[in-house]
Amino acid sequence: LAQALVSRHIATPLGSALRQAHSPHEAMAWGALGAPAPLGMPLLLAAGDGWMLPQTLGSAVAVGGGSCSSVFELAAAALRHAPLVILVVLHLYAVGVGGAEAPDSSADETCSKGLGFNESVVPKDRGFQDLMACDEHHKRTCCERNDTAKVRQAWSNFAVVSSPRCAKLAQLAFCSVCDADVGVGINSFANTILLCPSFCLRWFEACIDDFFAPAALGLQACGPSALVCSPLREITQSAGEFCTRIGAPVGAFGLATSEKEPDACFDGVPSARSRGPGPKAHWVRPNKPSYGDEWWRPYVPRSYAAQAYMKKIQDYAPSVIVACVAVFFGWHLWNSSRD
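In my numbering, the protein residues as written are 4 to 342.
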C-alpha cells in the first residue's frame, strides 16, 4: 500500500491525492508522507559508507510495516547497481550488433583479367560517364568505354535485322560482360560468361523465327554480308547449342548447370539491383556522341531508327546498283538480238 501511495504521491499533488483516497488508512498514510517532494529528488541519499532513503520515504516505510521495509531494501539494492547493469547491457548490445554485421567482401572482389579487365580495380559506379552501352550495369561494373564499344559492335547486327524481342534479349546477353558479378568471376569462369539455363531458353525462344548465318565462331544474326541465312528453328532445336555458338563481345558464352542457377550464372538481372552501386569512379567528361562520318548523316534525323534504316540502305546499296546495271545490260543485249 505504501509503495503504491509513494508512486501516486510523486505523480500527483497532495490535495488531489487526499481527495482520491478511498479509506481512512490511505488518508492517514498520505498525512504521514507530508508535502509532495519534487520530481528531481534522488531516490537514494548518501549516508556515510552506505545509502539511505529520503526522510519522507522512510516515514512511509515505517507506517507500512516490516514487509514494505524488505521491499524497499531490495529496490534500493537494485537502484544502487542500476547504472552498472545498464552499462553492461549497452556493451553487450553494441558487441552483438557489431558481430551480426557481415563483413563487406566487395572490397576483395577485383575484376577478372580473363575478360580483359584491369585486375587491380574493383567494380565501380560509372553512371553518367562516357560508357557507350549497357546502361543497366553502369552503377556497378568493370567495363570502361572501350569495353562497351565492343558490346555495341557485337550487338549491331541483332539491332538491325532481328525482331524486337530477339534484339532485346541479345542486348542483355551481350551486356552481361559488364555485369559486376560476371566481371569479378562469380558468374564467369576464365574468359567464359556463364548464362543461366532459364535465361538461355528465353533468348532462344525469342529468336526462334529470326534468320541466322554461319560465322567463324559459330552463329551470327543475318546481316548484309551474309551469303546464306536460315531460320534458327532450321539450324538447331537446342537452346544450349544456340547460346554457346553465338559469339560473345569478350571471350565466349557458356551454359551453367541448373544447380548453379541463379547464384553462379547470369540470369539477366544486373547485380547492382541486389548488391547496390559500387564505389564512385573518378568522373570522366562524356564525349559528344558521334554518329559516323557518312555524308548523309547531317541530313537524317538523329533518332536510332532513322540512322539504322539509312545504314541498312547504305549496306545494301552496292548490291542494288550492281543488280540494276546487270538488268540494264541484259535488256540492251536482248533488244540488240531482236534487231
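Every residue, glycine too, gets a C-beta built ideally from N, C-alpha and C.
Here the structure is a predicted model, which is why all the values come from computation and not from measurement.
Residue environment, residue i, which counts as buried when at least 16 other CB atoms sit within 10 Å
| i | result |
| --- | --- |
| Asp212 | exposed |
| Val121 | Going by the sequence as given, residue 121 is Asn instead of Val. Burial call: exposed. |
| Thr260 | exposed |
| Gly333 | exposed |
| Pro252 | buried |
| Pro282 | exposed |
| Asn149 | exposed |
| Ala326 | exposed |
| Phe331 | exposed |
| Ser191 | buried |
| Trp158 | buried |
| Arg248 | buried |
| Leu175 | buried |
| Ser165 | buried |
| Ser115 | buried |
Residue i, DSSP secondary structure in three states
| i | result |
| --- | --- |
| Lys283 | strand |
| Val325 | helix |
| Thr144 | strand |
| Thr113 | coil |
| Phe131 | coil |
| Phe120 | coil |
| Ile196 | strand |
| Ser179 | helix |
| Ser191 | strand |
| Val125 | coil |
| Cys210 | coil |
| Lys153 | helix |
| Cys137 | coil |
| Pro86 | helix |
| Pro304 | coil |
| Ser166 | coil |
| Trp299 | coil |
Anticipated Cβ contact below 8 Å, residue i with residue j, distance rounded
| i | j | result |
| --- | --- | --- |
| Val231 | Thr113 | Actually they are not in contact, since the Cβ atoms of Val231 and Thr113 sit about 44 Å apart, beyond 8 Å. |
| Asp128 | Pro280 | 4 Å |
| Glu262 | Asp270 | Their Cβ separation, rounded to whole angstroms, is 14 Å, which puts Glu262 and Asp270 out of contact at 8 Å. |
| Ile189 | Gly254 | Going by Cβ atoms, the distance from Ile189 to Gly254 rounds to 15 Å, so no, they are not a contact pair. |
| Asp182 | His140 | 5 Å |
| Ala193 | Gly119 | Wrong, their Cβ atoms sit about 12 Å apart, outside the cutoff. |
| Ala216 | Ala229 | 4 Å |
| Val180 | Cys146 | 7 Å |
| Met313 | Val303 | 5 Å |
CB contact flag (residue i, residue j, <7 Å)
| i | j | result |
| --- | --- | --- |
| Cys178 | Val154 | yes |
| Gly226 | Gly250 | no |
| Phe207 | Pro234 | no |
| Leu198 | Phe256 | yes |
| Ala173 | Thr151 | no |
| Val163 | Ala284 | no |
| Ala224 | Phe161 | yes |
| Pro167 | Thr144 | no |
| Ser274 | Asp133 | no |
| Cys203 | Leu258 | yes |
Taking only runs of the beta strand (DSSP E) that begin and end inside the stretch 213–273, which ones reach a length of at least 3 residues, in chain order?
214–218, 221–224, 255–258
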